[in-house]
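These notes are about the structure you will find just below.
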Amino acid sequence: MLSSPGDRAGWRPGSSPSLRLAANLNAVIIGAQSLEQAERAVVARDVAHHVVDPDAVLGADPEQATPLDDVLPALRAAETEAWFLCLPSPGQLTPLRGPADLNLAALTQGEAVVASSGRVALVPLPVGRAVQWRVYAAERPLAPESPYEVERRLSEAILGAAQALARLDVAAGTRPRSSTPPPLAPGYGNRQRVTAERAARLIEVCDAALAGDGASITAYEMERRGRELRQLRTAARDALISAVSWCR
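Read left to right, the sequence shown gives residues 1 to 248 (the working numbering).
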C-alpha cells in the first residue's frame, strides 16, 4: 500500500529531509549561502547523509554510497533554475511527472526533490538517524502554483472547512503539540516563511484530526468531516510546496 508523509509515525513537515534539501539548494542557486552551509543545514541533527546513484545520473560512483557533500557540487552544476519540493500521495503527484520508478519511490517515501528543468530527482530513505538519498532520472516537472495563488486557496480552504465542521457540529480534532517551524534557508522572504509555517502547522493539525472521528455520530458526519480535513490538508500541502519551491 502506498503511503503519504502523514501515514508515517512521527513525520512532520519541519523534519522533512526533502524540504531541507530543496530549500538549501535553492539558497545556493541564488547565492544566499555556500555549499558547506547548505550541507550542514541539510544534515542538521542527523548522523550522516549519503547518496546512491546506481544509474550514474549525477556521475557518482554507481557501486557505492557517496557522502552528500561530495555530490552537492554536481547538484549545484545542474542546469536548473530551482529545486521543487514534492510531497506526493496517491492521486496527487504534482509536481512529479515521472518516470514511473521515480513516482513509485516518491510515493512510497512520501517526499522527494526534483530539479525544475527535469533530468534529476532525489528521494530520501531514512536509515536510523541517517538518510540515504537515491538519485533518479526525472521528466521535467510541473511548476508548483505561485505563492499568491496557493495562499488564496489555503485561506478559502480554512474558511470552508471551519464552516462545514461547524454545521456538522463535530470537532476538527486534538491539536498537536507545538513543533519547530519548517527550516527555510537564507534567501527566503518573510512572506514565504509565514506561509510555510502556517501550511506545516495545518498539515499537522489535519493529520492529528484524521487519526480520530472528532465525536462524529453518523457515517455521513464521519465521511464529510474526513473529506473536509483531507481537502484542507491538500491545500496546506500545496502551499508548503510552493513556499519552499519558489525562493525568489
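We treat Cβ as the ideally placed atom computed from N, Cα and C, and that holds for glycine.
Every value quoted in this text rests on a predicted model; they were computed, and no experiment measured them.
Would you tell me roughly how many angstroms separate the C-alpha atoms of residue i and residue j, rounded to the nearest one?
i	j	result
A60	W83	19 angstroms
P126	Q132	6 angstroms
G128	T94	28 angstroms
A138	R225	37 angstroms
G14	P182	4 angstroms
D55	E63	10 angstroms
R40	S16	15 angstroms
A199	V205	10 angstroms
G118	H49	23 angstroms
L184	L232	22 angstroms
A27	A112	17 angstroms
S34	N24	9 angstroms
G189	Y136	30 angstroms
A172	R193	The predicted model places A172 with a pLDDT of 49, which falls under 50 and marks its position as unreliable; any figure quoted below should be read in that light. Answer to the nearest angstrom: the Cα atoms are 25 angstroms apart.
Q109	I30	28 angstroms
A130	L21	14 angstroms
A209	E228	11 angstroms
G160	R237	16 angstroms
E197	P124	22 angstroms
E36	E221	52 angstroms
R12	A211	15 angstroms
A65	V57	14 angstroms
P67	V47	12 angstroms
Judging by CA-CA distance, which residue of the options is the nearest neighbour of residue i?
i	options	result
T195	E111, A235, T66	A235
S146	A157, R248, Q109	R248
P141	E81, R45, A23	E81
L165	R230, V42, Q37	R230
A32	L202, A239, P186, A105	P186
P144	R191, V28, Q92	Q92
S89	A78, E79, A105	A105
A121	V43, R12, A78	A78
A162	L202, E197, V150	L202
A239	L96, E149, A211, L159	E149
R134	S18, V52, V114	V52
R191	V42, A157, R12, E151	E151
S18	V114, R45, Q37	V114
Mapping the DSSP letters down to three states, classify residue i as helix, strand or coil.
i	result
C249	Nothing can be reported for residue 249, as the shown portion of the chain is limited to 1 through 248.
Y136	strand
L229	helix
Q92	strand
A56	coil
P181	coil
A172	Confidence in A172 is poor, its pLDDT being 49 and thus under 50, which makes the residue's placement unreliable; the coordinate value appears in the next sentence. Note: A172 maps to coil in three-state DSSP.
L142	coil
A250	With the chain running from 1 to 248 in the structure shown, residue 250 is simply not present.
P99	coil
P126	strand
A211	coil
V120	coil
Would you check if there are 3 or more beta carbon pairs closer than 8 angstroms linking the segment 75 to 93 to the segment 239 to 246? As far as the Cβ criterion goes, the segment 75 to 93 touches the segment 239 to 246, which means the pair count is three or higher.
Cβ contact (3+ pairs, closer than 8 angstroms) linking the segment 67 to 79 and the segment 94 to 103: Contact fails: fewer than three Cβ-Cβ distances are below 8 angstroms.
Can you list the alpha helix (DSSP H) stretches of 4 or more residues lying completely in the segment 14 to 89, in chain order? For the segment 14 to 89, whole alpha helix (DSSP H) runs of length 4 or above, ordered along the chain, are 17 to 29, 35 to 43, 68 to 77.
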